[in-house]
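I have placed the structure first, in the form of structure tokens, so that the comments after it can refer back to it.
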Amino acid sequence: MTTHFDFRGKTALVTGASSGIGRAFAYALAERGAKLLLVARSHDKLRDLTEELRRDFACEADFLTTDLSASGAVDAIADSLRASGTIVDVLINNAGFAAYGRFETIPLSRQRDEVQVNCVAAVALMHLVLPGMLAKSDGVVVNVASTAALQPDPYMAVYGATKAFLLSFSEAVWAENRHRGVRVVALCPGATQTGFFDVVGAQEAAVGTPMPIAKVIQDAFRAVDRNRSHRVVGTKNRLLANLPRLLSRQGVARLVEKILRPKQSRELGATPKRLGPPR
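Here the sequence shown stands for residues 158 to 436, where the numbers follow the working numbering.
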């Protein structure tokens, strides 16, 4: 059953809002009449985006410059919300990043940061805002996962594992709250037109033609309206999601390894850079 969620006057917290899918969510929510609190690492980008949204949509918008890989980042957000008396009605957990290369060549500190941003911060933020939503029997959480959640991802092993965690976590909390007025969606886009793979030349990982960001946002809102636990974006991606049903787990891992394997010209032992913007 479809029940349209009314975003007008609701306060939406968007992480990873300075670019890519997070930025697109900010615009879409402003267009729907939401009040915005934008979170990301880039102060200048957030400031400019906030000014654009205020100008273009005459909406209430503010920002908080925070690096979610820092252990105290969510506590800082919580302090800011308490100080302003803000109750979050909509949470878009979009912040995340990946590193590309053989697992043992990627610095452990970088991989810990992946887990911190992609998993720990997302869980902490949801734990922070969910009680307020439940008190009103009204709220939305969109956790931006990925099609990487649907199978193991050699050369992006930790990234895929964090997105699989986010998918499972979201589905579980959806089941707990499906009759309590709070909608929880794990959004699983594939390759998207965000420049995610271009930063370090990891085009091998971009399977298929990148889809427009607008399609990802549209599917997210459709899933919210239908109170779906998850949404795999794109018909081809939904078909590929069934691949583990057709092959053994080892077979899927071998197949994906061939698809994601770096080009022979790449130095597999080189330290990879942080990928971004997130998807």
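Note that the Cβ used here is the ideal one computed from N, Cα and C, for glycine as well.
Tell me, to the nearest whole angstrom, how far the beta carbon of residue i is from that of residue j; I am working on the premise that it is less than 8 Å.
{"i": "Ala278", "j": "Leu344", "result": "Rounded, the Cβ-Cβ distance is 17 Å, inconsistent with contact."}
{"i": "Leu194", "j": "Phe164", "result": "The pair is not a contact, with the Cβ atoms about 14 Å apart (cut-off 8 Å)."}
{"i": "Asn300", "j": "Arg340", "result": "Their Cβ separation, rounded to whole angstroms, is 12 Å, which puts Asn300 and Arg340 out of contact at 8 Å."}
{"i": "Val389", "j": "Val342", "result": "The Cβ separation is near 11 Å, so there is no contact."}
{"i": "Ser294", "j": "Arg335", "result": "Contact doesn't hold; Cβ gap of about 12 Å is too wide."}
{"i": "Leu412", "j": "Leu404", "result": "7 Å"}
Among the options, which residue has its Cα nearest to the Cα of residue i?
{"i": "Ser226", "options": "Arg180, Ala181, Gln273 and Thr207", "result": "Gln273"}
{"i": "Val373", "options": "Ala348, Val297 and Leu265", "result": "Ala348"}
{"i": "Val280", "options": "Ala230, Gly190 and Asp376", "result": "Ala230"}
{"i": "Thr262", "options": "Arg406, Ala314 and Ala306", "result": "Ala314"}
{"i": "Val298", "options": "Cys276, Asn275 and Val330", "result": "Val330"}
{"i": "Ala410", "options": "Glu333, Met368 and Gly317", "result": "Gly317"}
{"i": "Asn394", "options": "Lys415, Val381 and Pro346", "result": "Pro346"}
{"i": "Thr222", "options": "Leu206, Cys216 and Val390", "result": "Leu206"}
{"i": "Met290", "options": "Thr243, Met368, Ser386 and Phe326", "result": "Thr243"}
{"i": "Ala437", "options": "Arg189, Arg204 and Ala215", "result": "The requested residue 437 does not occur in the structure, where the chain is confined to residues 158 to 436."}
{"i": "His387", "options": "Asp224, Thr304, Pro401 and Gly338", "result": "Thr304"}
{"i": "Val286", "options": "Asp232, His336 and Lys320", "result": "Asp232"}
{"i": "Thr160", "options": "Lys420, Phe378 and Thr392", "result": "Phe378"}
{"i": "Leu400", "options": "Lys420, Phe322, Asp213 and Ala306", "result": "Ala306"}
{"i": "Tyr312", "options": "Ile234, Gly408 and Lys415", "result": "Lys415"}
{"i": "Thr202", "options": "Phe214, Phe220, Cys216 and Ala215", "result": "Contrary to the premise, residue 202 reads as Lys rather than Thr in this sequence. That would be Phe220, whose Cα lies nearest to the Cα of Lys202."}
{"i": "Ile234", "options": "Pro419, Gln375, Met283 and Pro264", "result": "Met283"}
{"i": "Cys216", "options": "Tyr184, Pro419, Asp224 and Leu238", "result": "Tyr184"}
{"i": "Gln407", "options": "Met368, Asp310 and Phe260", "result": "Asp310"}
Quick check on residue i: buried or exposed, where buried means 16 or more other Cβ atoms within 10 Å of its Cβ?
{"i": "Leu417", "result": "buried"}
{"i": "Gly296", "result": "buried"}
{"i": "Asn275", "result": "buried"}
{"i": "Phe182", "result": "buried"}
{"i": "Gly358", "result": "At Gly358, the pLDDT of 46 sits below 50, so the modelled position is not reliable and the matter cannot be decided from this model."}
{"i": "Gln308", "result": "buried"}
{"i": "Leu210", "result": "buried"}
{"i": "Glu439", "result": "The displayed coordinates of the chain run from 158 to 436. Any statement about residue 439 would go beyond what the structure contains."}
{"i": "Glu188", "result": "exposed"}
{"i": "Asp236", "result": "exposed"}
{"i": "Gly190", "result": "exposed"}
{"i": "Lys192", "result": "buried"}
{"i": "Ala197", "result": "buried"}
{"i": "Gly391", "result": "buried"}
{"i": "Leu265", "result": "exposed"}
{"i": "Ser241", "result": "exposed"}
{"i": "Glu208", "result": "exposed"}
{"i": "Thr366", "result": "exposed"}
Those runs of the alpha helix (DSSP H) which lie wholly inside the segment 224 to 287 and span at least 4 residues: 230 to 241 and 265 to 272
Contact the segment 169 to 189 vs the segment 241 to 257: 3+ CB pairs below 8 Å: yes
Contact the segment 254 to 268 vs the segment 174 to 187: 3+ CB pairs below 8 Å: no
Ranges of the alpha helix (DSSP H) found wholly within the segment 363 to 424, counting only runs of at least 4: 370 to 382, 392 to 397, 400 to 403 and 406 to 417
Start-end ranges of the beta strand (DSSP E) lying completely within the segment 160 to 201, minimum 3 residues: 168 to 172 and 192 to 197
Segments assigned beta strand (DSSP E), at least 3 residues, entirely inside the segment 323 to 353: 339 to 345
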